[in-house]
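A short write-up of the structure that comes next.
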Amino acid sequence: MKQGVSRLGLRIALFRGRVERVELHGLRCCGYSAWVVERSGRRRQFADGQRNVWSDQSSLKRELRACGVREVYWRQPVSHDEMIGRPAAAESGFGLRMPLLANN
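Number 104 marks the last residue of the sequence shown (the UniProt record's numbering); no jumps.
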């Protein structure tokens, strides 16, 4: 099982320059999660204590911003089209880049 990254762990990794990007994932019918992708290629799920799924995007983005994250890449592993049975569209790159502003 992959070990998650805590708030403190994320702050330290950002300070040391180990983080390549942070991905925000929309989960099928249950909320949102964040994944930290390190420059080494290692991927770890962001967790605040035992919590690793947030019911709304804004509270997760506030948590990430409080840790020092200034932008996230929005990823939706399962598109709405796939959920209703249409062929999947190819998603290129890291996802949609979204800056985290103070009013997010």
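C-beta atoms are modelled at their ideal positions from N, C-alpha and C, and glycine is treated no differently. All figures in this text were calculated on a predicted structure; none of them were measured in a lab.
Cβ atoms of W35 and Q45 come within 8 Å of each other, at about 6 Å. Boundaries of the alpha helix (DSSP H) around G9: 7 to 15. Under the three-state reduction of DSSP output, S59 falls in the helix class. At a cut-off of 3 residues, the continuous stretches assigned as beta strand (DSSP E) that sit fully inside the region 17 to 52 are 19 to 27, 31 to 38, 43 to 45. With a threshold of 16 other beta carbon atoms within 10 Å, C30 falls short and is exposed.
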